[in-house]
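These notes are about the structure you will find just below.
Numbering (this note's numbering), first residue to last: 1 to 276.
Written out as structure tokens, the structure is:
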């Protein structure tokens with residue numbers, strides 16, 4: 001069975017589980033998941049926070065259904081805070097997947113400083129493989145060699161190798177309130193991060209399931225890279241933002257947190273705008 005064509009390259013307005021129930025087993029090449037982290041963030045004035053145990057049960061069910069629709073050679077990525085991902089891994093993924101790796105996304109600033117502990121400035125990215133035969137394309141994400149004059153490195157480069165495999169620590173700044181990427185959506189993932197993950201395990205024409213449409217950033221990346229995509233967005237306002245962004249190729253001013261007409265000098269007078 002194949003994915004219904006009307007679900008591809010568009011955004012389903014509704015719950016992600018309702019979307020996934022319409023997908024056949026083994027039908028998507030990649031799953032990209034950046035869910036609500038259950039820490040009280042409000043999206044368009046609404047909170048989806050629940051008890052921690054309820055959240056983990058929901059998270060496990062999300063991963064279970066994702067594994068069902070993933071192809072045998074596919075890859076899943078779940079972005080979350082370390083505690084949430086630790087529970088998901090131990091209580092489900094380690095047993096259900098062939099292999100699970102835990103990568104770290106590090107950013108250099110954050111808010112929520114406490115006088116009693118260090119400030120969190122990283123997130124966990126769980127990479128689940130359904131089988132040992134997952135697709136992975138080093139050359140699409142290779143990082144330049146740091147010692148290109150070394151004899152062994154010169155030989156590799158002569159053989160056509162573009163660089164080394166990235167390490168498991170990824171450095172990308174948060175999408176700040178003054179970023180050109182920033183929309184009115186409460187939480188966004190940097191496009192450079194989602195692009196790296198998508199490039200690592202897909203090729204043009206492959207199908208990427210993005211659980212939560214959000215601001216549309218990941219879908220824009222898919223479109224730019226010629227990947228087909230499926231996504232869900234439960235909030236009508238965010239759904240409108242995404243559809244506008246996909247149709248026009250840009251973020252309309254009314255959907256930006258900071259309008260383009262505001263000068264950088266004016267922003268400098270408002271330091272609160274520079275925090276996440």
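C-beta: ideal position from N, C-alpha, C; glycine also.
Where residue i and residue j are concerned, what is the direct C-alpha to C-alpha distance, given to the nearest angstrom?
| i | j | result |
| --- | --- | --- |
| residue 215 | residue 163 | 32 Å |
| residue 170 | residue 37 | 19 Å |
| residue 202 | residue 115 | 43 Å |
| residue 68 | residue 123 | 25 Å |
| residue 252 | residue 245 | Note on residue 252: pLDDT 49, under 50, position unreliable in the model; the coordinate value appears next. Rounded to whole angstroms, residue 252 to residue 245 spans 7 Å at the Cα level. |
| residue 154 | residue 145 | 10 Å |
| residue 105 | residue 6 | 34 Å |
| residue 225 | residue 11 | 17 Å |
| residue 91 | residue 148 | 44 Å |
| residue 14 | residue 238 | 11 Å |
| residue 96 | residue 126 | 13 Å |
| residue 39 | residue 79 | 14 Å |
| residue 73 | residue 167 | 22 Å |
| residue 174 | residue 192 | 11 Å |
| residue 160 | residue 143 | 14 Å |
| residue 27 | residue 3 | 7 Å |
| residue 132 | residue 48 | 36 Å |
| residue 228 | residue 35 | 20 Å |
| residue 25 | residue 9 | 19 Å |
| residue 189 | residue 217 | 8 Å |
| residue 207 | residue 242 | 18 Å |
| residue 130 | residue 223 | 25 Å |
| residue 263 | residue 221 | Confidence is the limiting factor: at residue 263 the pLDDT is only 41, short of 50, which leaves the residue's position unreliable, though a coordinate-based value still follows. Rounded to the nearest angstrom, the two C-alpha atoms are 27 Å apart. |
| residue 209 | residue 230 | 5 Å |
Considering just the uninterrupted stretch of the beta strand (DSSP E) at residue i, what are its terminal residues?
| i | result |
| --- | --- |
| residue 103 | 99-106 |
| residue 125 | 122-129 |
According to DSSP, residue i sits in a beta bridge with which residue or residues?
| i | result |
| --- | --- |
| residue 30 | 75, 208 |
| residue 52 | Per DSSP, none; premise fails for residue 52. |
| residue 229 | 208 |
| residue 11 | 231 |
| residue 116 | Paired residue(s): none; residue 116 is not in a bridge. |
In terms of residue numbering, what span does the alpha helix (DSSP H) encompassing residue i cover?
| i | result |
| --- | --- |
| residue 217 | 217-224 |
| residue 171 | Here residue 171 belongs to no alpha helix (DSSP H); instead the beta strand (DSSP E) covers 169-171. |
| residue 141 | 138-141 |
| residue 87 | 82-88 |
| residue 195 | 191-201 |
Under three-state DSSP, which class holds residue i?
| i | result |
| --- | --- |
| residue 237 | helix |
| residue 111 | coil |
| residue 132 | coil |
| residue 245 | helix |
| residue 69 | helix |
| residue 151 | helix |
| residue 162 | coil |
| residue 36 | coil |
| residue 21 | coil |
| residue 175 | coil |
| residue 157 | helix |
| residue 92 | helix |
| residue 60 | helix |
| residue 3 | coil |
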